[in-house]
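Numbering (this note's numbering), first residue to last: 414 to 554.
Encoded structure:
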């Protein structure tokens with residue numbers, strides 16, 4: 414299964430989700446994108462630090478969403494706004510959900526950009542929980 418995580422700039426939330434999911438779901442193809450990413454931009458310093466501290470692989474460099482990404486089996490966005498933007502770009506039915514929605518939870522993954530180390534830690538914990546829920550759901554498909 415090919416899963417793509419989507420956020421705004423692909424420097425904080427979605428690359429963090431990608432690194433976590435690659436470890437928890439190694440049998441799947443995991444990628445991340447940003448709707449407004451600048452290709453090649455480095456992940457945020459705190460994203461890199463937290464993933465290293467938690468023994469996850471280094472996050473990938475930022476990549477902007479491309480039309481070819483519509484071939485994913487599952488597209489998971491950080492917010493409802495990201496989901497709506499993709500649905501407007503691709504009115505045909507695509508497997509797009511917010512990460513919370515797919516995990517059968519309510520909420521959105523807040524953007525820690527410009528925040529403190531603690532803000533990034535909170536996002537890491539939130540993503541780890543949600544991706545664990547994602548793993549359980551995928552295992553029982």
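C-beta: ideal position from N, C-alpha, C; glycine also. Remember, predicted model here, so these are calculated numbers, not experimental data.
Chain-order list of residues whose beta-carbon lies under 6 Å from that of residue i (same chain, five-residue window excluded)
| i | result |
| --- | --- |
| residue 541 | 433 |
| residue 533 | 459, 463 and 525 |
| residue 414 | 441 and 486 |
Cβ separation of residue i and residue j, assumed to be a contact under 8 Å, to the nearest whole Å
| i | j | result |
| --- | --- | --- |
| residue 456 | residue 424 | 5 Å |
| residue 471 | residue 452 | Not a contact, Cβ separation roughly 17 Å. |
| residue 488 | residue 504 | The pair is not a contact, with the Cβ atoms about 14 Å apart (cut-off 8 Å). |
| residue 438 | residue 548 | 6 Å |
Cutoff 8 Å; reference residue i; Cβ partners in own chain excluding five residues on either side
| i | result |
| --- | --- |
| residue 426 | 418, 420, 491, 522, 524, 525, 536 and 540 |
| residue 480 | none |
| residue 550 | 515, 516 and 517 |
Helix, strand or coil at residue i [DSSP, three-state]
| i | result |
| --- | --- |
| residue 503 | coil |
| residue 529 | coil |
| residue 467 | coil |
| residue 536 | helix |
C-alpha distance - residue i paired with residue j, whole-angstrom precision
| i | j | result |
| --- | --- | --- |
| residue 567 | residue 527 | Past the edges of the chain, shown from 414 to 554, lies residue 567, and the structure says nothing about it. |
| residue 506 | residue 495 | 15 Å |
| residue 445 | residue 429 | 9 Å |
Contact set for residue i: own chain, Cβ-Cβ below 7 Å, skip 5 residues either direction
| i | result |
| --- | --- |
| residue 450 | 422, 423, 475, 476 and 477 |
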